[in-house]
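S.K.: Dropping the structure in here first, questions after.
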Amino acid sequence: MTGIDKVPATGAVLVRPPGPMRGGLGSGLVGDSIGNQKLHGGDDQAVYAYAREDLDAWETQLGRTLTDGMFGENLTTSGIDVTNARIGERWRVGSDGVLLEVSAPRTPCRTFSAFLNLSQWIKTFTQAGKPGAYFRVLSPGTVQAGDPITVDYRPDHDVTIALVFRARMQEPELLPRLLVADALSAEMKGYARRRLASTEG
């Protein structure tokens, strides 16, 4: 079972903190589903955003149509830089009080590759360095298609989605730089600390 197959919603959708990854509500969006709650969902992965501009670039590269939601994203954004969003950056979405906080990049999995029917997709997606961003929900409310997104707060460190993705997937020597970002997801912090401990030992 997979929850990656998203389609655009009509009308308002409630966004709220889903609780822990295991035993919680799964997605931060009411009506959404998470197939594997051992690896996906929970407060640190409550909402996944991907840029329409990046989907358009993938359409050209792959030679196929990619509709909004095709990468499993809950929010398909336009006009805002997802890749260079900083960990802890806060986005206000719509007019109903929804406030999201950037927590981590998406790391590609076999389900993602199988859904697109591309055997080398994990490697291709990783090399592109445009993973999209996970968010936690700081303030709940409703969102709908066409809602504006504004950056409400940007921390003063340089730990971006792009940097975290590179550190996790390609350049482990960057891992120490991630730990200055207090809002980094618990999973990513744990990964970085384990890797650093193993190299120091």
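Each residue of the sequence shown is one higher than the one before, starting from 1 at the first, in the UniProt record's numbering.
For every residue, glycine included, the Cβ atom is placed at its ideal position computed from N, Cα and C.
#1: For Leu175, which option in Asp156, Asp152, Glu200 and Arg154 has the closest C-alpha, if you only look at C-alpha atoms?
#2: In this structure, does DSSP put Glu101 in helix, strand or coil?
#3: Are the beta-carbon atoms of Gly28 and Val15 separated by less than 8 Å?
#4: Can you list the beta strand (DSSP E) stretches of 3 or more residues lying completely in the UniProt domain "MOSC" (15-152), in chain order?
#5: Here's the rule I'm using: 16 or more other beta-carbon atoms within 10 Å means buried, otherwise exposed. How should Val82 be labelled?
#6: Taking Ser103 and Leu179 to be in contact with their CB atoms under 8 Å, please state how far apart those CB atoms are, rounded to whole angstroms.
#7: In this structure, does DSSP put Ala183 in helix, strand or coil?
#8: Alpha carbon to alpha carbon, what distance is there between Gln120 and Thr77?
M.R.: The answer reads as follows:
#1: With distances taken between CA atoms, Leu175 lies nearest to Glu200 out of Asp156, Asp152, Glu200 and Arg154.
#2: Reduced to three states, the DSSP call for Glu101 is strand.
#3: If you check the CB distance, Gly28 and Val15 come in under 8 Å.
#4: Listed in chain order, the complete beta strand (DSSP E) runs (minimum 3 residues) inside the UniProt domain "MOSC" (15-152) are 47-51, 75-77, 90-93, 98-105, 133-139 and 141-143.
#5: Buried, because 16 or more other Cβ atoms sit within 10 Å of the Cβ of Val82.
#6: Incorrect: roughly 14 Å between the Cβ atoms, too far for contact.
#7: The answer is coil: DSSP assigns Ala183 none of H, G, I, E or B.
#8: Roughly 26 Å between the two C-alpha positions.
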